[in-house]
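Under UniProt numbering, residues 1 to 76 are what the sequence shown spells out, in order.
By construction, the Cβ of each residue, glycine as well, lies at the ideal position given by its N, Cα and C atoms.
Have a look at the structure below before the remarks.
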Amino acid sequence: MATWIWILLIILAAVAGAALGFYLARKYMMDYLKKNPPINEDMLRMMMMQMGQKPSQKKINQMMAMMNKNMNQNVK
């Protein structure tokens, strides 16, 4: 085979590997963040208390719903 064919095959394999790797890494991170959200109710309650607010359960539920809605919109 000619040398230019080998070079072309190596370049195509590198591009395909990079694209596939990016897709798989993105899918893995989306699934991981869906299963393990970065902020839970206890963390939210602690942050609100540090900011000087007295967190009620209603307010925490509203903020969690808003964060989940925002996360679902970003996934789509």
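What's the gap between the Cα of residue i and the Cα of residue j?
i: methionine 48; j: lysine 54; result: 7 Å
i: lysine 4; j: isoleucine 10; result: The sequence given here has tryptophan at residue 4, not lysine. Their Cα atoms are separated by approximately 10 Å.
i: arginine 26; j: methionine 63; result: 26 Å
i: arginine 45; j: isoleucine 60; result: 7 Å
i: isoleucine 2; j: leucine 8; result: It should be pointed out that residue 2 corresponds to alanine in this sequence rather than to isoleucine. Between alanine 2 and leucine 8, the C-alpha separation is close to 10 Å.
i: asparagine 70; j: tryptophan 6; result: 47 Å
i: asparagine 74; j: aspartate 42; result: 24 Å
i: alanine 19; j: methionine 29; result: 16 Å
Between residue i and residue j, which are expected to be in contact by the criterion C-beta below 8 Å, what is the C-beta distance as a whole number of angstroms?
i: methionine 66; j: isoleucine 39; result: Rounded, the Cβ-Cβ distance is 11 Å, inconsistent with contact.
(request) Please specify which runs of the alpha helix (DSSP H), each continuous and at least 4 residues long, are wholly inside the region 5-53, giving them in chain order. (result) Within the region 5-53, the complete alpha helix (DSSP H) segments at least 4 residues long are 41-50, listed from N- to C-terminus.
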